[in-house]
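These notes concern the structure reproduced below.
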Amino acid sequence: MALVYSNMQMSEVVEEHPSLIPVINRFGIRLGLGDKQIGTICDEHALDTNFVLTVINTFLNEEYFPEKKLQTFHTSQIIDYLTQTNQYYLRYQLPNIERHLGVFLSMSTPANHTLGAIGKFFSSFKEQLTARIEQDEKVWFPYCLELKKQVHAYPASAEVLHLSNKEKEEDPIEALLYDLKGIMIKHLSGQYDENLCYAVIFGINSLEKDIKQHNRIRYRILTPMVSAMEKLCE
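If you want our numbering, it's the 1-based position in the sequence shown plus 74.
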């Protein structure tokens, strides 16, 4: 997939990739983009254009990993983006899926034994995602920011930070979403509202992709940065 650059029209990029709408929203960029270039919109919102482009390209391209560029970003930039992402899950995506799933389950045939498993899987997923977000806000992110303060006096050269080009082997939250989608696709039976079923599956699929790309920033950028800073403090 071709990369996105600052001289491209933001509206054209979003038209081609609607999944970017919640991503740019996390930077405070709303629809009604007009014909403005990405760089212009970033300037108007006092955003670091390079960072916004890196997030967009990371989201759109599985193999995109500009190590030297990533080394130049501040820890606070990354944490702010991840915080906004977590809040988006809590305020919008989780309630949206939960609302559609609740109506879907209530309108389906009670004899459909798969319904109980679907409800349990979603409850488990919601509980684990909410717990991780709480851990981020109360423990992980504050630790990262405090660590950055401690190493502020050290010269963080490009040779110090060695980021990871490997994914985390398996994220249990991603796995739960994948299993939930699989149950609905493979094992539903009896009478159910197909439109509601599609809405739930599409919502799950959208969240699954978003979390996967979110985890790339989390595990391939922030975590190695923290590891490097911890070595400086040893």
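Note that beta-carbon positions come from the ideal geometry of N, C-alpha and C, so glycine has one too.
Distance check for residue j and residue i, CA to CA, integer angstroms please.
i	j	result
T297	S263	43 Å
L235	A273	Low local confidence applies: a pLDDT of 43 at L235 is under 50, so the model's placement there is unreliable, and no value is given.
F215	A76	32 Å
K283	L306	34 Å
K142	S80	18 Å
P92	I295	25 Å
S182	I171	16 Å
E89	G106	12 Å
R173	K222	40 Å
N135	R290	11 Å
N239	Q287	For N239, the predicted structure reports a pLDDT of 46, less than 50, and the residue's modelled location is therefore unreliable. A value from the coordinates is still provided. About 14 Å.
Y166	M299	29 Å
V97	V129	8 Å
S231	E137	With a pLDDT of 41 at S231, under the threshold of 50, the modelled position of that residue is not reliable, and the figure given next carries that caveat. Using only the alpha carbons, I get a separation of about 25 Å.
Q83	G190	46 Å
Within its chain, find whatever has a CB closer than 8 Å to the CB of residue i; leave out the 5 residues flanking it on each side and keep chain order.
i	result
L251	F199, I278, L281, E282, I285
I275	K255, M258, I259
I247	F199, Q202, L203, R206, I285
T123	S80, I112, G113, C116, D117
I153	F215, C218, L219, L296
I95	V88, L105
I192	L175, L179, L254, I257, M258
Please return the same chain residues whose Cβ sits closer than 7 Å to the Cβ of residue i, not counting the five positions on each side in sequence.
i	result
I103	I115, H119
D245	N289
D253	F195
Name the residue from the options whose alpha carbon lies nearest to the alpha carbon of residue i.
i	options	result
H148	V78, D267, E220	E220
M303	V225, D253, I291	V225
Q151	S197, V126, F139, E137	V126
N269	V177, M84, V78	V177
Could you name the residues of the same chain whose beta carbon sits closer than 6 Å to that of residue i, not counting the 5 residues immediately before and after it, in chain order?
i	result
Y266	S182
Assess contact between the stretch 202 to 218 and the stretch 159 to 174, defined as three or more Cβ pairs (one per stretch) separated by less than 8 Å. Is contact present?
yes
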